[in-house]
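This report refers to the structure that appears directly beneath it.
In the working numbering, the protein residues as written are -17 to 165.
What follows is the structure, given as structure tokens:
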């Protein structure tokens, strides 16, 4: 198995591409070792000294390191952990990933926001090793949760304000502003 790596806009985060499916549906964000308890792979990655966050996408794993840690020192251990897990045949997540909530009760504006996020924003952000999920809409303000490489990325504020906010305001007049939600 050959696992490729790609840099992300966040210099503390590296994207690992194993060339196979990581998550069959949705994404999984592990901001700390306690959140990783439901994933054997995430727990294993957090045991590597200097790992601060782990994120699983459809076909990638992003890992965020502490600032003083050098990628050259931890990258081989990360590659080994991912390779072992994927070759074992055991599931990445111990339990089914919870659905992100029912859309049945959403207002037309919220449905339109989610559709734009799913079709225009999330695919682009996934290319950089992250994800952005809808958290809420209140009085013209859209609240989004940054995950993976997007969490803590220096350019995430620009992405939110100049990219996502402009896109949503263009298509949905009810949207006034976009703000990040900290987990």
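The C-beta atom is built at its ideal place from N, Cα and C for all residues, glycine as well. Remember, predicted model here, so these are calculated numbers, not experimental data.
Problem - Candidates 14, 155, 3 and 98: closest to residue 121 by CA position - result: Ranking 14, 155, 3 and 98 by Cα distance to residue 121 puts 155 first.
Handout entry: Between the CA atoms of residue 13 and residue 117 - distance to the nearest angstrom
Key = Cα to Cα, the separation comes out at about 17 Å.
Exercise for the section: Alpha carbon to alpha carbon, how far is residue 105 from residue 158? Give it in angstroms, no decimals. Expected result: Answer to the nearest angstrom: the Cα atoms are 23 Å apart.
Practice task
Note the first and the last residue of the continuous alpha helix (DSSP H) segment covering residue 129.
Solution key: DSSP places residue 129 outside any alpha helix (DSSP H); the residue lies instead in the beta strand (DSSP E), whose first and last residues are 123 to 130.
Practice task
Report the partner residues of residue 10 according to the DSSP bridge assignment.
Solution key: Paired residues: 38.
Problem - Identity of the residue in 76, 142 and 44 nearest residue 123 by Cα - result: Taking each of 76, 142 and 44 in turn and checking the Cα distance to residue 123, the smallest one comes out for 142.
Exercise for the section: Using a Cβ cut-off of 9 Å (strictly closer), state whether residue 112 contacts chain B. Expected result: Chain labels in this structure do not include chain B; a single protein chain is all it has.
Problem - Inter-stretch contact at 8 Å, needing at least 3 Cβ pairs: the segment 130 to 145 / the segment -17 to -3 - result: Verdict: yes, contact present.
Exercise for the section: May I ask you to report which of helix, strand or coil DSSP gives residue 161? Expected result: Strand at residue 161.
Practice task
Check each candidate in -13, 145, 144 and 130 and name the one with the smallest Cα separation from residue 54.
Solution key: Comparing Cα positions, the closest option is -13.
Exercise for the section: Examine the Cβ distances between the segment 3 to 12 and the segment 146 to 155 and report whether three or more of them are shorter than 8 Å. Expected result: The segment 3 to 12 vs the segment 146 to 155: no contact.
Exercise for the section: Measure the C-alpha to C-alpha separation of residue 36 and residue 126 and round it to an integer number of angstroms. Expected result: Going by the C-alpha atoms only, they are around 19 Å apart.
Exercise for the section: Could you check what DSSP says for residue 154 in three-state terms: helix, strand or coil? Expected result: Note: residue 154 maps to coil in three-state DSSP.
Handout entry: Touching by the beta-carbon criterion (3+ pairs, under 8 Å), the segment 106 to 115 and the segment 58 to 70
Key = With the rule of 3 Cβ pairs closer than 8 Å, the segment 106 to 115 does not count as touching the segment 58 to 70.
Practice task
With DSSP as the reference, label residue 2 as helix, strand or coil.
Solution key: In this structure, residue 2 counts as coil in the three-state DSSP scheme.
Practice task
Answer yes or no: do residue 27 and residue 74 have a C-beta to C-beta separation smaller than 9 Å?
Solution key: No. Outside cutoff.
Exercise for the section: Under the assumption that residue 56 contacts residue 32 (Cβ atoms under 8 Å), give the Cβ distance between them as a whole number of angstroms. Expected result: Correct: roughly 6 Å between the Cβ atoms.
Handout entry: DSSP three-state assignment for residue 112, whether helix, strand or coil
Key = Three-state DSSP puts residue 112 in a strand.
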